[in-house]
Amino acid sequence: MKTHTDYLYLNTKNKKEIVNITGEVAEIVGKSGVKEGFVHVSAMHITAAIFINDEEPGIKRDFLEWAEKLAPFNPNYHHHQTGESNGDAHLKSILFHHEVTIPITKGKLDFGPWQQVFYGEFDGQRKKRVVVKVLGE
Amino acid sequence: MKTHTDYLYLNTKNKKEIVNITGEVAEIVGKSGVKEGFVHVSAMHITAAIFINDEEPGIKRDFLEWAEKLAPFNPNYHHHQTGESNGDAHLKSILFHHEVTIPITKGKLDFGPWQQVFYGEFDGQRKKRVVVKVLGE
Amino acid sequence: MKTHTDYLYLNTKNKKEIVNITGEVAEIVGKSGVKEGFVHVSAMHITAAIFINDEEPGIKRDFLEWAEKLAPFNPNYHHHQTGESNGDAHLKSILFHHEVTIPITKGKLDFGPWQQVFYGEFDGQRKKRVVVKVLGE
């Protein structure tokens, strides 16, 4: 059994942004030498998400608009009594989920034809971190 | 450490349908010979989901109606500028999540009394694939 | 490769409640002796969730209010034709997801500064169970 741990650092230009991290994750899997196993990818922040979907600019805009519809900015969240103003970003993180596990088969991400892995930033413009952990043989 | 990889193929009669795949997943775990570990089940498509809940026809109808309420069909998604019309299915896939990991204990799915694993199809009537990967000993 | 399996038992005072289980999960990881690997935490019930976010009382109230907004109590769910009245709790379980996987690095939960793991109860006041399974070396 082998394990390999790596971290990605992101600092998005926009407050809310969807970033394709498939290349970085595949590269870490390559470095790990694992041919059969899992790679787990988690946002280490409570206002961000990791999810799998399609690299298509329109659907990425739809994701951000849908997130705003279901988990809107609202000055009145209880969380804001702490002085924060990012309650909506916590809810968006829950909606999109903060982690994925991806099977590794024959040394590759075992993805369908359109699957890509994304970092969803909902409270950006500052340094954030993602853990990428590989386990297998 | 052992790993075992298998695929399920689904082609639903309806555009939107919830299919219980617990038997198929349990059979693959049996074939793998793994007694202690994890089985990971992922839809390999960006318009489908894998989730765990209850085998009860009423709640399955509720799931489809709830999905339609929170992620409705809408001709105006940006994604549709590509010629597609399934933007809602992408959103439904995010809402239900496309993957689960299930612990294997003493050779069995370590489930509570009512838990079953489901494939949620949101853009069906065509061949789709699910990866089932077992890792353990 | 080592595996270690444990269970948490919860019986919340309130019908809906969010319980921080980070200490219990970290203790099980410690007992397992695993230094590099994963711990998987799943609710074994279809009306509960496991998720990662922030230990802040305001955001926990926001989570429960948001769950009620997106997956409200409603006497008319199809599921209620079975005699049940907890259809909303099934939907809330889907919304928050019933499981997390947490990387273990150098014997610790590999968390960002604010991450904590929570049990989300949506149909409580009775005994519930959570499986915690550690795999690694």
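Chains as they are written, first to last, in this note's numbering: chain G, 1 to 137; chain V, 138 to 274; chain X, 275 to 411.
For every residue, glycine included, the Cβ atom is placed at its ideal position computed from N, Cα and C.
Note that the coordinates shown come from a computational prediction; the quantities given were computed from them, not determined experimentally.
At least one CB atom of chain V sits nearer than 8 Å to the CB of alanine 345/X. Within chain G, the residues Gly58, Ile59, Asp62 have their CB atoms less than 8 Å from the CB of tyrosine 214/V, given in chain order.
Non-local C-beta neighbours of glutamine 389/X in its own chain, meaning closer than 7 Å and more than five positions away in sequence, comprise Ile326, ordered along the chain. Spanning the alpha carbons of glutamate 173/V and lysine 401/X requires a straight line of approximately 26 Å. Judged by DSSP in its simplified three-state form, aspartate 88/G adopts helix.
Around phenylalanine 312/X, the same chain offers Thr375, Ile376, Pro377, Ile378, Val408, Leu409, Gly410 as residues with beta carbons nearer than 8 Å, after the five sequence neighbours per side are excluded. When the alpha-carbon of valine 130/G is set against those of His90/G, Asp54/G, Glu99/G, the nearest one is in Glu99/G. Rounded to whole angstroms, the Cβ separation of isoleucine 155/V and phenylalanine 200/V is 6 Å, and the two are in contact under 8 Å. Comparing C-alpha distances from alanine 204/V to each of Leu147/V, Pro250/V, Thr184/V, Val178/V shows the shortest one belongs to Thr184/V. Of all residues in the stretch 228 to 247 of chain V, the ones placed with a Cβ closer than 8 Å to any Cβ belonging to chain X are Leu232, Phe233, His234, Val237, Thr238, Ile239, Pro240, Thr242, Asp247, in chain order. When 7 Å is used as the limit between beta carbons, valine 268/V is near these residues of chain G: Pro103, Asp110, in chain order. The beta carbon of leucine 284/X sits no closer than 8 Å to any beta carbon of chain V. Assignment of beta-bridge partners to arginine 403/X by DSSP yields Tyr283/X. For glutamate 173/V, the nearest beta carbon of chain X is closer than 8 Å to its own beta carbon. Inclusion of histidine 234/V and histidine 97/G in the CB contact set at 8 Å is warranted, their separation being smaller than that value.
Bounds of the beta strand (DSSP E) holding phenylalanine 118/G are 116 to 121. Look at phenylalanine 96/G here: in three-state DSSP terms it is helix.
Beta-bridge annotation (DSSP): asparagine 294/X is paired with Phe392/X. Within chain G, the residues whose beta carbon sits less than 7 Å from that of glycine 224/V are Ile59, Asp62, listed in sequence order.
Listed along the chain, the chain G residues whose CB falls inside 9 Å of the CB of glycine 410/X are Met1, Thr3, Leu135. Taking each of Ile302/X, Val406/X, Phe392/X in turn and checking the Cα distance to alanine 323/X, the smallest one comes out for Phe392/X.
Just measuring C-alpha positions, the residue of Tyr9/G, Glu24/G, Ile59/G sitting nearest serine 222/V is Ile59/G.
Of all residues in the stretch 157 to 191 of chain V, the ones placed with a Cβ closer than 7 Å to any Cβ belonging to chain X are Glu173, Gly174, Phe175, Phe188, Ile189, Asn190, Asp191, in chain order. If you look at phenylalanine 51/G, you'll find it in the beta strand (DSSP E) that goes 48 to 53. Valine 39/G has Ile102/G, Val134/G as its beta-bridge partners, per DSSP. Looking at the DSSP output, lysine 108/G sits in a beta bridge with Thr105/G.
For glycine 58/G, the enclosing alpha helix (DSSP H) covers residues 57 to 70.
DSSP, reduced to helix, strand and coil, places lysine 305/X within a helical segment of the structure shown. Residue environment for lysine 290/X: buried (at least 16 other C-beta atoms within 10 angstroms of its C-beta). Measuring C-alpha to C-alpha distances from tyrosine 9/G to each of Lys2/G, His45/G, Val29/G identifies His45/G as the nearest. Within the model, the alpha-carbon separation for glutamate 65/G versus alanine 71/G is close to 10 Å.
Judged by their CB atoms, histidine 141/V and serine 169/V are nearer to each other than the 8 Å cut-off. The residue from Gly257/V, Asn151/V, Phe248/V with its alpha-carbon nearest to that of alanine 163/V is Phe248/V. Assigned with DSSP and collapsed to three states, histidine 217/V falls in helix.
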